[in-house]
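Undergrad: I'd like to ask some things about the structure below.
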């Protein structure tokens, strides 16, 4: 590809011209930052950062990412983005004045937001979720460098630094956690049509960004994340370097250097999740099609005429996934070396999204290769379905999983440790639904299994059954769930055999992220579940409508039990919830906990929106039935002209009313 014009893009939207981004003057960076960053500053300083807005500040491209120049007495300093050569700045004085005005407005807005009194959270679940989503956003932003004491753009897992005996040191940046966190922030900036997969962030203003000021400011945050990941990709780690497996390193020090300690490595879901977090932004820039947008994509995100290139973040991750997806590694809980359904599913989605991105550039070599590898992953997935169990296994041993690859000579014959004795039902099931679901596939492999290759949405009865069995595996397990049916909402942990209690090994506790993710998956089911054409609820089956309503209630119950314990601590969420007393356990202010709450809250809004569309007034029922006297496609499927029915019916798997009602119990 010889020029920028070779990139295919959509029309330029003059209303979306961005403010040129500004970054911290790195000559003023504080020194002496090691693993602990500001080593003597703890939780009290975080609260101080929320309220102390006096003094001079260096603008860092995002209103909550400002820091005081405490004793320097310097005026507000603004430095140009590294993306534009300072000697060749294209900014005119009017533009600079506009930028300065926006900075002042941003700081004023920040002060207003962060100085508001706490919201009273006693007006029902919906009110609490809305307030908690605001809190979650602010806590996430406090866990992103430089405010968090980390390098610019790095997302820390938690501010816990081992300062107490009951707090382990989580003051690192994990590739997985960071990517999922950035994915949870994308709906604040990107139209929903760009979010991938759609199920991960169901709503983002119905396809348009209503707050343009917030949109511009979040773009700088995203570009800070991109820059930080470009630097990490070049770090030599125990997993390797850019060219030989280093992208699968699980975590780094907060100053952007390698973590040298013993750990479960490699972890192959990281590059796939990072690509999925950034591809939507790349597509958005290609469609916005401003000259600097096109330059940014070509210099920092993707180009199809090379393989791995330093600084080309999306391209490097896609190449890593495409060439090594079939190799084993550790699971997302960092405990088991094998082949993992979640890792393969997100790898599949990343390659599918990468195929579409690469096809927007001249030449089809990369797109064709990504597509072939995605197809091979797809053909390998049924290995994880075991008929006698009736659910999707989260992990297979190296000897049990036989990936289908283009070059079989590349498969290793090395021996591996056997997996521990477990049911292999874990929280990766709802996470797979959220981050890798909502795609349709029709291939079947009857010679290996009766299960279809999954789209891994809860429109698939096998996935629905797997989620239910994961939930039910915690029956009568700990005190905070005592006396409650599972449909009343249980606090859930990673898996029922788990022994990690947040500090050591004993008996594990429920996790906020697993509880919220289960609610999230159920909301997605409520929004998308189809019915058989012979029992369309719109025509005659009130039980299915009632079951869908009940599905939303069950999801709310999972949100409510998490609320019960978060609310006791002003909405602050640790990694775990004490299984007996409900007290915080494990790392405090876990970033992933807040991100999972944000995602679940959006999924709830989307489910409610679809539920309102399904509620057809009785006077309109005959008209809808008339619309259902629809054309019959050559395959014998009904194609409705009614948009509500068409949306409900456009998925592959069908779930009968009876099966859904039985699954939920009496409704």
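Numbering (this note's numbering), first residue to last: 27 to 693.
Heads up, the beta-carbon is just placed ideally off N, CA and C, and yes, glycines get one too.
Bear in mind the structure is a predicted one, so any value in this text is a computation, not a measurement.
1) Should residue 250 be counted as a contact of the ligand PLP given a C-beta to heavy atom distance under 8 Å?
2) Assuming contact is defined by CB atoms lying nearer than 9 Å, are residue 535 and residue 528 in contact in what I supplied?
3) Residue 271 to residue 454, Cα distance in whole Å?
4) Give me, in chain order, the residues of the same chain whose beta-carbon lies closer than 6 Å to that of residue 620; leave out the 5 immediate sequence neighbours on both sides.
5) Do residue 548 and residue 493 come within 9 Å of each other at the CB atom, strictly closer than that value?
6) What does the alpha-carbon distance come out to for the pair residue 281 and residue 579?
7) Compute the Euclidean distance between the alpha carbons of residue 10 and residue 612, then round it to the nearest angstrom.
8) Answer yes if the stretch 369 to 380 comes into contact with the stretch 299 to 306, meaning at least three C-beta pairs across the two stretches below 8 Å, and no otherwise.
9) How would you write the range of the beta strand (DSSP E) that residue 363 sits in, first residue to last?
10) Relative to the C-alpha of residue 279, which candidate in 198, 418, 458, 381 has its C-alpha closest?
11) Tell me, please, which residues DSSP counts as bridged to residue 609.
12) I'd like the span of the alpha helix (DSSP H) that includes residue 339, first residue to last.
13) Exposed or buried, residue 132, counting other C-beta atoms within 10 Å across all chains shown (16 or more means buried)?
14) Are residue 483 and residue 588 closer than 9 Å when you measure CB to CB?
15) Alpha helix (DSSP H) containing residue 304: first to last residue?
16) Could you spell out the range, first to last residue, of the alpha helix (DSSP H) harbouring residue 151?
17) For residue 218, count neighbouring Cβ atoms within 10 angstroms of its own Cβ and tell me buried if that reaches 16, exposed if not.
18) Counting beta carbon pairs with one atom in the stretch 332 to 350 and one in the stretch 360 to 369, are three or more of them shorter than 8 Å?
19) I'd like the list of long-range same chain contacts for residue 307, defined as Cβ closer than 6 Å, with 5 residues on each side in sequence excluded.
20) Would you list the one or two residues that DSSP bridges to residue 284?
21) Pop quiz: residue 630 and residue 155 are said to be a contact at Cβ under 8 Å. What is the actual Cβ separation, rounded to whole angstroms?
22) Taking the C-alpha atoms as reference points, what is the distance between residue 688 and residue 510?
23) Between the stretch 512 to 522 and the stretch 424 to 432, do at least 3 Cβ pairs fall closer than 8 Å?
24) Measuring alpha carbon to alpha carbon, tell me which of 254, 609, 296 ends up nearest residue 180.
25) Could you tell me how far apart the beta carbons of residue 407 and residue 370 are, in whole angstroms, since I believe they sit closer than 8 Å?
26) Under 7 Å Cβ to Cβ from residue 582, same chain only, skipping five residues before and after it: list those, please.
27) So, using beta-carbon positions, are residue 292 and residue 380 closer together than 9 Å?
28) List the whole-angstrom C-beta distance separating residue 263 from residue 275, where the pair is believed to meet the contact cut-off of C-beta under 8 Å.
29) Mind checking residue 260: buried by the 16 CB within 10 Å criterion, or exposed?
30) At what residues does the alpha helix (DSSP H) containing residue 488 begin and finish?
31) In whole angstroms, what separates the C-alpha of residue 504 from that of residue 526?
32) DSSP state of residue 411, grouped into three classes?
TA: Well, looking at it:
1) The ligand PLP is absent from the structure shown, which contains no ligand whatsoever.
2) yes
3) 24 Å
4) 162, 165, 166
5) yes
6) 44 Å
7) The structure shown has nothing for residue 10, since the chain only spans 27 to 693.
8) yes
9) 363 to 366
10) 198
11) BP columns for residue 609 are empty, so no partner.
12) 339 to 350
13) For residue 132, the predicted structure reports a pLDDT of 48, less than 50, and the residue's modelled location is therefore unreliable. The matter cannot be settled from this model.
14) no
15) 295 to 314
16) 151 to 168
17) buried
18) no
19) 248
20) 278
21) 7 Å
22) 18 Å
23) no
24) 254
25) 6 Å
26) 151
27) no
28) 4 Å
29) exposed
30) 487 to 498
31) 15 Å
32) strand
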